[in-house]
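Engineer: Going letter by letter, the sequence shown gives residues 1 to 770 in UniProt numbering.
All C-beta atoms, glycine included, are put in the ideal place defined by N, C-alpha and C.
Predicted model only: the values in this text are computed from it and were never measured.
This is the structure, below, for whatever I ask next.
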Amino acid sequence: MSAGSEISDKLTTRTLSEISEVETIKISVDLVSATRKNIGFLSTVNESQWLHEKPTLVEAIRRYDELWMPLISDLTVGTTPPMVLPPVDIEWVWFCHTLNPVSYRQYCVSRFSKLIGKPPIFDEENEEYALMRCKEKWVHRYPSESFENEVDSDSQDQIYVTNEGIFNEVKKQRCLYSKFSEPYMSELVYLIAARQRYKGFLFMLQKFSAGCSVFVPASDIQLMWLTHLSYPTVYAEDLKDMWDDMGKVVGVWGNVKAKEVEETKKLWEKTFDQPYEKAGGLLALELDGVAAVTPPVNWNVSDTDVNRKYKSMLPRFLLEVCLFLKLKSGMKAMQQDVKCDFLRLRMVRCHRELKLDKTISNFSHNSWQKAWHIYCEFGTRGLMLELRHRGGGCFKGSTLQGFVEFHWNNLLRAPSLAMEKEIEKVRVVTSITPPVQAPYLLKCVPDRVTDDSGAMISDVFLRLNRYRPQEGRWLSRTVLDHAGRECFVVRIRVGGGFWRRGGETPSTVKWEDRIIEIREGSWSYVAGSIGRAPEKVVGTAKPKEPTAECQAAWQFSTGDELMISWESSSISSGLKFTLRNETSTDSSLMLLRGRKIQYGGRKISLESKNQGEQNKEENEAEEKEKDDDDEGFVTLIRFTDENPTGKVTALLNWKLLVIELLPEEDAVFVLLLCISILRSVSEMRKEDVGSLLIRRRLKETKLGLRDWGSVVLPPSPSSITSPYLQPWYWNAKAVMAGGRTDYVANQPAALNYSLAEGGDKLYKRGIIIK
């Protein structure tokens, strides 16, 4: 019997907020605080590689089974757990064990004749006290046992697993953090909404468990359920009347059928008349053996933003958005009338060219259907949904029938971060995730030639300076952020000499004198597009004499040294990079050609970093990445104590002078890398591979028409193929061209330059790199 037939047609639907405390399950732990604590704990476990080595894990299970559980059992009085917490290795095993409530209960009852619970400790100060108190009890009871896990993780001795059941439980949860690593999941407003939906899920389960064999939780509900499970005595008491029913809920690693998912959706809609899925609450489980689609944006949790020291840089925030549609009651008889009607999705601000259309006749009056799933920058402010009718004034045109707007600020204050509105014949529910800081996006655009002081070469400055000569020649690039704001000015010294109204020609300078400098801030314009670069220099790169190991070398003001070498047969695909910093011991760096790890490339291992060579598998992968190499992509990876296997912190394209970087990576350092590589390759090849010869600000597309990164669609067979709705690095040339009319095949049209600015030969000259 289907789930829908078990539900009375007379059932009155209510919203989640209308369910009374008497009707729903009372939860005896602060799930919001507990979940935030659990996410932080899972993050710590994920970054602690030593915890997952087999010798460490086996020892942790022994300590948990033979030492910790007997200790806490004796300390527990009645059903109240003591305010103590074990070391992290034991806590991890304990956490994994509690996620199988049947096995954990049997274990506790058979050994200790009672269920052992976990204390609700959520703040760091109390955690430290509980850990210190536990150590005192431990040392008193086990004087010969170390409180910390001191087993040698590299030990080659034969290892015996003392408890296979617990060992398998822990191994199964090894990658649990990957399911809940999205940074918005730690936001308070998200967790409050998730708790409300979890209570609604329990309410639905309580009412209809007899008519359904499987319930599939959405990811936000799953997160709350796992937290509830991790407090076993609370869970057992709260759900004592639903113990058997909870066995029907699919676990986080469960493989479900599409039919089971649809049954859960229908139950939820019948109960609350709202779509079951939402932004941040999608069905992240494997469906019919196929894993959920990876988001097209790189969600990264960053505790620090080192770029806050640059006042010219403003952070970028992203949120996930879902729109569900349902025809209003009575629309079934009017299907013929709506064949020419369609809905158009647009943004309130940014990307005003965006027009995503959906025909109304594709939707139903008896179930909610997902119409759009997108990722937006918070700066878009919101979305607009227009109802339009084909025909209108011209054959191919359409007429506006009505519209509704959803603003992000209003949605953030809405229950469950979702809001419903009606537009003529259609009901619309829009849900969002809280905005979280995303990677910075920066691009360099050509600008005018400047003198040694930073002023543009122009008659304007000659007059302002009473016709004092302008000395020196510097190529300039203006760095724009994701919103088109000027945040840095990059200058490359290429010439000397001076200029005034006498027609003097500037002189070239040697390669080793062609320094790169980055100034923080925007141009100070004095007349139209003529201005002066900001005064504050925040980074420099100086060419060094190449060594036997490389063909080009640069010394950065950050203390880093970049060495570039290449095979004579192929300059682009044969590029190799070495980064050194003799003064820093906090981290080491690696530059790899192509797009790596989350950008679609291979996984980097610590061994390949230390050995300085790639194994056979990596060499095969390198052949597949030649296309990326030819496009100028380079990935920056940092190795730290917290991330010994490496973490991608930036992706740069030195041909297009575009970078994406995490808040924890220094923007100035990555800009120096990008410019230095381009200068070196251009000099070696004796050709303008990155359009460095352009010495004028080219006309950019009007802000708000095509804003790169402001709207991103997840990949799917039906997705629009426009490069402006994809991550920029999928089709970088098209996105960075930005609709310029003066670019043909990525090559600028001929531009005329004055004698003051200098001819192309001035910028091409330098020492020949052998």
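Where residue 238 and residue 349 are concerned, what is the direct C-alpha to C-alpha distance, given to the nearest angstrom?
Structural biologist: For the purposes of this step, residue 238 is identified with residue 238 of the sequence shown, where counting begins at 1. For the purposes of this step, residue 349 is identified with residue 349 of the sequence shown, where counting begins at 1. Near 46 Å, if we compare the C-alpha coordinates of residue 349 and residue 238.
Engineer: Where does the unbroken beta strand (DSSP E) through residue 639 begin, and where does it stop?
Structural biologist: As a first step, residue 639 must be located in the sequence shown, where it is residue number 639. Here the beta strand (DSSP E) through residue 639 covers 633-640.
Engineer: Taking residue 562 as the reference, which of 95, 468 and 674 has the closest Cα?
Structural biologist: Along the sequence shown, read from residue 1 onward, the residue named residue 562 stands at position 562. Of the candidates 95, 468 and 674, the one whose C-alpha sits nearest the C-alpha of residue 562 is 674.
Engineer: Residue 487 and residue 494 - do their beta-carbons sit closer together than 8 Å?
Structural biologist: The residue labelled residue 494 in the question sits at position 494 within the sequence shown. The residue labelled residue 487 in the question sits at position 487 within the sequence shown. No, Cβ-Cβ distance for residue 494 and residue 487 is not below 8 Å.
Engineer: Applying the criterion that 16 or more other CB atoms from any shown protein chain within 10 Å of the CB defines a buried residue, is residue 685 buried or exposed?
Structural biologist: In the sequence shown, the residue the question calls residue 685 occupies position 685. So residue 685 counts as exposed.
Engineer: Rounded to whole angstroms, what is the Cα-Cα separation between residue 430 and residue 634?
Structural biologist: Stepping through the sequence shown from its first residue, residue 430 is reached at position 430. Stepping through the sequence shown from its first residue, residue 634 is reached at position 634. Taking the straight line from one Cα to the other gives about 38 Å.
Engineer: Can residue 358 and residue 342 be called in contact, C-beta distance under 8 Å?
Structural biologist: Here residue 358 corresponds to residue number 358 of the sequence shown, with the count starting at 1. Here residue 342 corresponds to residue number 342 of the sequence shown, with the count starting at 1. The answer is yes: Cβ separation under 8 Å.
Engineer: How would you label residue 380, buried or exposed, when you count the other beta carbons within 10 angstroms and need 16 or more for buried?
Structural biologist: Numbered from 1 along the sequence shown, position 380 holds the residue referred to as residue 380. By the 10 Å Cβ count, residue 380 comes out buried.
Engineer: Kindly indicate which residue of 251, 201, 283 and 439 has the alpha-carbon position closest to the one of residue 664.
Structural biologist: Along the sequence shown, read from residue 1 onward, the residue named residue 664 stands at position 664. For residue 664, the nearest C-alpha among the options comes from 439.
Engineer: How close, in whole Å, do the beta carbons of residue 727 and residue 712 come, if the pair is a contact with beta carbons under 8 Å?
Structural biologist: To locate residue 727, count along the sequence shown from 1; it is residue 727. To locate residue 712, count along the sequence shown from 1; it is residue 712. Rounded, the Cβ-Cβ distance is 6 Å, consistent with contact.
Engineer: Relative to the C-alpha of residue 473, which candidate in 505, 481 and 460 has its C-alpha closest?
Structural biologist: Your numbering for residue 473 matches position 473 in the sequence shown. Of the candidates 505, 481 and 460, the one whose C-alpha sits nearest the C-alpha of residue 473 is 505.
Engineer: Measure the alpha-carbon distance for residue 51 versus residue 30 and round it to whole angstroms.
Structural biologist: By 1-based counting over the sequence shown, the position of residue 51 is 51. By 1-based counting over the sequence shown, the position of residue 30 is 30. Cα-Cα distance, rounded: 28 Å.
Engineer: So what does DSSP say about residue 749, is it helix, strand or coil?
Structural biologist: Residue 749 sits at position 749 when you count from the first residue of the sequence shown. Since pLDDT at residue 749 reaches only 48, below the 50 mark, its modelled position is unreliable, and the value read off the structure follows with that caveat. Residue 749: coil per DSSP, three-state reduction.
Engineer: Tell me which residue opens and which closes the beta strand (DSSP E) that residue 412 is part of.
Structural biologist: Translated into positions along the sequence shown, residue 412 becomes position 412. Note, residue 412: premise wrong, no beta strand (DSSP E); alpha helix (DSSP H) at 408-412.
Engineer: Between the region 440-451 and the region 410-430, can you find at least three pairs of beta-carbon atoms closer than 8 Å?
Structural biologist: Short answer: they don't touch.
Engineer: Say whether the region 115-129 touches the region 227-242, bearing in mind that this needs 3 or more beta-carbon pairs closer than 8 Å, one atom from each stretch.
Structural biologist: Because the criterion of three Cβ pairs below 8 Å is met, the region 115-129 and the region 227-242 touch.
Engineer: How is the alpha helix (DSSP H) around residue 382 delimited, first residue to last?
Structural biologist: Numbered from its first residue, the sequence shown carries residue 382 at position 382. From DSSP, residue 382 is part of no alpha helix (DSSP H) but of the beta strand (DSSP E) over 382-390.
Engineer: For residue 191 versus residue 36, is the C-beta distance shorter than 8 Å?
Structural biologist: Locating residue 191 in the sequence shown gives position 191, counting from the first residue. Locating residue 36 in the sequence shown gives position 36, counting from the first residue. In this structure, residue 36 lies closer than 8 Å to residue 191 by Cβ.
Engineer: Rounding to the nearest angstrom, what Cα-Cα distance links residue 838 and residue 196 in this structure?
Structural biologist: An answer regarding residue 838 cannot be provided, because it is not within the stretch 1 to 770 covered by the chain.
Engineer: Could you pull the start and end residues of the beta strand (DSSP E) that residue 674 belongs to?
Structural biologist: By one-based count along the sequence shown, residue 674 stands at place 674. Not the beta strand (DSSP E): residue 674 falls in the alpha helix (DSSP H), residues 667-685.
Engineer: Nearest CA to the CA of residue 587: which residue from 529, 549, 453 and 646?
Structural biologist: Against the sequence shown, residue 587 aligns to sequence position 587. The shortest Cα separation from residue 587 among 529, 549, 453 and 646 belongs to 646.
Engineer: Report yes if the C-beta distance between residue 515 and residue 671 is below 8 Å; otherwise report no.
Structural biologist: Within the sequence shown, the letter at position 515 stands for residue 515. Within the sequence shown, the letter at position 671 stands for residue 671. Result no, Cβ atoms of residue 515 and residue 671 do not sit closer than 8 Å.
Engineer: Taking residue 260 as the reference, which of 271, 248, 270 and 253 has the closest Cα?
Structural biologist: Along the sequence shown, read from residue 1 onward, the residue named residue 260 stands at position 260. Minimum Cα distance to residue 260 is reached at 248.
Engineer: According to the Cβ coordinates, are residue 780 and residue 374 closer than 8 Å?
Structural biologist: The structure shown does not extend to residue 780, since the chain spans only 1 to 770, so no value can be given for it.
Engineer: Please go through the same chain and pick out, in chain order, the residues whose beta-carbon is closer than 8 Å to the beta-carbon of residue 606, but skip the five residues on each side of it.
Structural biologist: Locating residue 606 in the sequence shown gives position 606, where the first residue counts as 1. With a pLDDT of only 39 at residue 606, under the threshold of 50, the placement of this residue in the model should not be trusted; the figure read from the coordinates follows. Within the same chain, residue 606 has close Cβ partners 639, 644, 645 and 646.
Engineer: Compare the C-alpha of residue 44 against each of 715, 169 and 175 and name the closest.
Structural biologist: Within the sequence shown, numbered from 1, the residue matching residue 44 stands at position 44. If we check each option's Cα against that of residue 44, 175 comes out closest.
Engineer: Under 6 Å Cβ to Cβ from residue 432, same chain only, skipping five residues before and after it: list those, please.
Structural biologist: Taking the sequence shown and counting its residues from 1, one reaches residue 432 at position 432. Answer for residue 432: 279, 319, 321, 411 and 417, listed in chain order.
Engineer: Whose C-beta lies closer than 6 Å to the C-beta of residue 632 among residues of the same chain, with five residues either side of it excluded?
Structural biologist: Reading the sequence shown from its first residue, position 632 is the one you call residue 632. Around residue 632: 653, 654 and 655.
Engineer: Using a Cβ-Cβ cut-off of 6 Å (strictly less than) and excluding sequence neighbours within five positions of residue 524, which residues of its own chain qualify?
Structural biologist: Here residue 524 corresponds to residue number 524 of the sequence shown, with the count starting at 1. Only 531 and 532 meet the Cβ criterion.
Engineer: Unbroken alpha helix (DSSP H) runs of length 4 or more, entirely within the region 204-266: which are they?
Structural biologist: With a minimum length of 4 residues, the continuous alpha helix (DSSP H) runs that stay inside the region 204-266 are 219-229, 232-238 and 243-246.
Engineer: The alpha helix (DSSP H) spanning residue 460 covers which residue range?
Structural biologist: In the sequence shown, the residue the question calls residue 460 occupies position 460. 459-464 is the extent of the alpha helix (DSSP H) around residue 460.
Engineer: Where do the N-terminal and C-terminal ends of the alpha helix (DSSP H) with residue 547 fall, by residue?
Structural biologist: Counting from 1 along the sequence shown, the entry for residue 547 is found at position 547. Unbroken run through residue 547: none, as it is neither H nor E.
Engineer: With C-beta atoms as the reference, is residue 58 less than 8 Å away from residue 166?
Structural biologist: Walking along the sequence shown from the start, residue 58 turns up at place 58. Walking along the sequence shown from the start, residue 166 turns up at place 166. Not a contact, by the Cβ cut-off of 8 Å.
Engineer: With distances taken Cα to Cα, identify the nearest neighbour of residue 513 among 452, 538, 458 and 465.
Structural biologist: Translated into the one-based positions of the sequence shown, residue 513 becomes position 513. Comparing Cα-Cα distances from residue 513 to each of 452, 538, 458 and 465, the minimum goes to 452.
Engineer: Taking the alpha-carbon positions, what's the residue 583 to residue 560 distance?
Structural biologist: Counting from 1 along the sequence shown, the entry for residue 583 is found at position 583. Counting from 1 along the sequence shown, the entry for residue 560 is found at position 560. Residue 583 and residue 560: Cα-Cα distance of roughly 9 Å.
Engineer: Let me know if residue 756 comes out buried or exposed under the rule of 16 or more other beta-carbons within 10 Å of its beta-carbon.
Structural biologist: As a first step, residue 756 must be located in the sequence shown, where it is residue number 756. Counting Cβ neighbours within 10 Å, residue 756 comes out buried, since at least 16 surround it.
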